[in-house]
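Each residue of the sequence shown is one higher than the one before, starting from 48 at the first, in the numbering used here.
Just so it is clear, CB atoms sit at the ideal spot from N, CA and C, and this is done for glycine as well.
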Amino acid sequence: FGVSAGAEVELNMRTLYRKRLSVLGYAGLQLGADERRQGRERALAALREGDLRVRVGEVLELEQVNEAFERLASRAVQGKLLLAL
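Written out as structure tokens, the structure is:
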């Protein structure tokens, strides 16, 4: 959850500065129920408004569910892995 492809990443700081990007973290397990709820609501609002984008790494057919689990277990997925229904 959150670092399924590994905890280490390579980050190009020039790109970060040039595009005026920010790197934010979220430690929901350390927050109370109300704070977690508020965080979820803010994240969903940002997603609705287009301020937050979810990176989709792969889309597999439902028949490929076993392959999907193997890819997740081997941490070979970057971004979210979706199953098409």
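(request) Just confirm the distance between the C-beta atoms of K27 and G104, as a whole number of angstroms; I'd bet it's less than 8 Å. (result) Because the chain in this structure spans residues 48 to 132, residue 27 falls outside the shown range and cannot be described.
(message) Rounded to whole angstroms, what is the Cα-Cα separation between N113 and L99?
(response) Reading the sequence shown from its first residue, position 66 is the one you call residue 113. Reading the sequence shown from its first residue, position 52 is the one you call residue 99. Roughly 30 Å separates the two Cα atoms.
(message) Rounding to the nearest angstrom, what Cα-Cα distance links V56 and Y64 in this structure?
(response) Taking the first residue of the sequence shown as position 1, residue 56 is located at position 9. Taking the first residue of the sequence shown as position 1, residue 64 is located at position 17. Looking at the two C-alpha atoms, the distance is approximately 17 Å.
(message) Assuming G104 is part of the beta strand (DSSP E), what are its boundary residues?
(response) Sequence index remark: in the sequence shown, residue 104 carries index 57 (1-based). Run containing G104: V103 to E108, per the beta strand (DSSP E) assignment.
(request) Select from V101, L130 and S121 the residue whose C-alpha is nearest the C-alpha of L109. (result) In the sequence shown, the residue the question calls residue 109 occupies position 62. Per the Cα distances, L130.
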